[in-house]
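Going by this note's numbering, the first residue of the sequence shown is number 1, and it counts up by one from there. Ideal Cβ positions, reconstructed from N, Cα and C, are used throughout, including at glycine. Working notes for the structure below.
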Amino acid sequence: MKIAVSAKEVGLNGKIDDRFGRAEYYVIFDTETKEVKTVENSAKNESAGAGGKAVKVLGDENVNIILAPEVGPKAITALKAFEIEAYLYAGMGLNTVEDAINAFNEGKLIKANNATVEEHSGLRKA
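As structure tokens, then:
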């Protein structure tokens with residue numbers, strides 16, 4: 001299984017990002033091989049629809065689960081289309097990618113079945 005985490009920095013010790021669609025990077029952790037890969041978010045500067053476009057990037061990486069602070073309507077629609085599950089870490093006081101993965105493994109994150117923020121909320125946090 002591949003887990004992608006919204007991140008401001010690369011690697012497991014990188015700081016998590018407070019945005020999904022406009023995150024700087026996605027750190028991808030393969031639970032089977034323990035391989036860690038960081039991909040730059042090519043959608044972060046889009047004028048609209050960054051979340052949906054970011055999901056495409058992660059779908060191309062065969063990600064199964066994303067860990068993010070929150071997800072907007074375009075992102076949740078794309079996640080469902082790619083059959084990628086989203087779990088949320090907003091407000092949990094987590095700092096690093098590894099913290100987020102550990103919280104997921106411990107069952108502490110909430111699964112997102114619907115959008116948790118309005119469109120363009122990532123732009124307002126820039």
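Given a threshold of 16 other Cβ atoms within 10 Å of its Cβ, counted over all protein chains shown, does residue i qualify as buried or as exposed?
i: Gly107; result: exposed
i: Ser47; result: exposed
i: Asn114; result: exposed
i: Ala81; result: exposed
i: Asn105; result: exposed
i: Ala54; result: buried
Closest to residue i by C-alpha separation, out of the options, would be which residue?
i: Asp134; options: Asn102, Lys80, Val97 and Phe104; result: Nothing about residue 134 can be read from this structure; the chain reaches only from 1 to 126.
i: Pro69; options: Lys80, Ala112, Lys34 and Glu9; result: Ala112
i: Asn45; options: Ile65, Lys56 and Arg22; result: Arg22
i: Asn13; options: Met92, Glu83 and Val36; result: Val36
i: Asn62; options: Gly72, Gly11 and Asp30; result: Asp30
i: Ile110; options: Leu88, Ala7 and Asp99; result: Leu88
i: Thr116; options: Asn41, Ala90 and Ser42; result: Ala90
i: Thr38; options: Ala50, Glu24 and Glu32; result: Glu24
i: Glu32; options: Pro73, Leu67 and Met1; result: Met1
Considering only DSSP beta bridges, list what residue i is partnered with.
i: Asp17; result: DSSP, once it has assigned bridges, lists no residue as partnering Asp17.
i: Leu67; result: Val5 and Tyr87
i: Thr96; result: Lys15
i: Thr132; result: Past the boundaries of the shown model lies residue 132; the chain is included only from 1 to 126, so the question cannot be answered.
i: Lys111; result: Tyr87
Quick check: residue i and residue j, are their CB atoms within less than 9 Å of each other?
i: Met92; j: Ala103; result: yes
i: Gly52; j: Ala86; result: no
i: Val71; j: Tyr26; result: no
i: Ile3; j: Asn64; result: yes
i: Ile28; j: Gly59; result: no
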